Structure formats: C-alpha cells, structure tokens
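**Student:**
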Amino acid sequence: MKIKVWTDNNNRLLNWAYMNDSRSVGSTDDGQQIIEIDSTNGLYENHASIIDGQVVPDAGYDPDADRPTPEPSPEQQMIAALTLEVAQLKAAKSSD
Numbered sequence: 308m309k310i311k312v313w314t315d316n317n318n319r320l321l322n323w324a325y326m327n328d329s330r331s332v333g334s335t336d337d338g339q340q341i342i343e344i345d346s347t348n349g350l351y352e353n354h355a356s357i358i359d360g361q362v363v364p365d366a367g368y369d370p371d372a373d374r375p376t377p378e379p380s381p382e383q384q385m386i387a388a389l390t391l392e393v394a395q396l397k398a399a400k401s402s403d
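Take the numbering used here: the final residue in the sequence shown is number 403, and no numbers are missing along the way.
1. Could you give the residue range of the beta strand (DSSP E) that holds Met-326?
2. Counting along the chain, where does the beta strand (DSSP E) carrying Ser-356 start and finish?
3. Taking contact to mean at least 3 C-beta pairs separated by less than 8 Å, is the segment 314 to 322 in contact with the segment 341 to 353?
4. Return helix, strand or coil for Ser-401, following the three-state DSSP convention.
5. Taking the C-alpha atoms as reference points, what is the distance between Leu-391 and Gln-339?
6. So what does DSSP say about Val-332, is it helix, strand or coil?
7. Starting from Pro-364, trace the beta strand (DSSP E) in both directions and tell me its first and last residue.
8. Within 10 angstroms of the Cβ of Ile-386, are there 16 or more other Cβ atoms? Answer buried if so, exposed if not.
Pasting the structure below:
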C-alpha cells in the first residue's frame with residue numbers, strides 16, 4: 308500500500324495518509340513523500356522516522372503505555388460513592 312508522509316527537518320514522522328496505489332513513489336508537489344509499505348504497524352506520529360523510504364519506529368516506544376487512562380465520569384464516581392455508602396450501612400447494621 309502507498310501512503311503520503313509528512314516529516315520535519317529531521318525526517319521525524321508528523322502525519323500520514325493513505326494514497327491511491329496508482330500514485331508514484333517519491334516526493335510530492337507540496338514537498339512531502341509518498342512511500343510504499345506492507346503494513347501501517349509502526350506508523351506512530353512523533354514516535355517514528357522515515358529513513359530511505361522506510362518507517363523506523365522509535366526503539367522501546369510502547370503506544371499502549373502512551374494512551375491516557377480515562378477518568379471515571381461524574382456518574383460513575385457517584386455510583387461508586389453510593390455503593391460504598393450502602394456497603395458501610397449494611398456492615399454497620401449487621402454488627403448491631
């Protein structure tokens with residue numbers, strides 16, 4: 308498959324987009340590159356470089372660790388607080 312890549316002056320991957328397979332590999336009119344790849348694995352924006360038309364992910368970069376952990380919604384926090392309060396009331400009642 309072919310993709311268009313936007314890089315900075317150090318060939319760091321800034322952005323990418325799928326391209327039509329009929330497009331030729333090489334530089335584009337807007338100064339970017341079209342490259343051919345087998346898979347989109349390793350296309351980590353700001354965590355990979357394009358070297359000789361190949362995607363080179365940063366060594367040791369873990370995209371799963373880079374994802375933010377979602378915070379509980381106010382509703383989820385309220386349900387958790389109510390559940391705890393009910394459990395405490397049941398525990399106090401059963402000790403009477």
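Cβ coordinates follow ideal geometry from the N, Cα and C atoms, glycine included. These numbers come from a predicted model, not from an experiment.
**Tutor:** Checking against the coordinates, here is how it stands:
1. 320 to 326
2. 355 to 358
3. yes
4. helix
5. 56 Å
6. coil
7. 361 to 364
8. exposed
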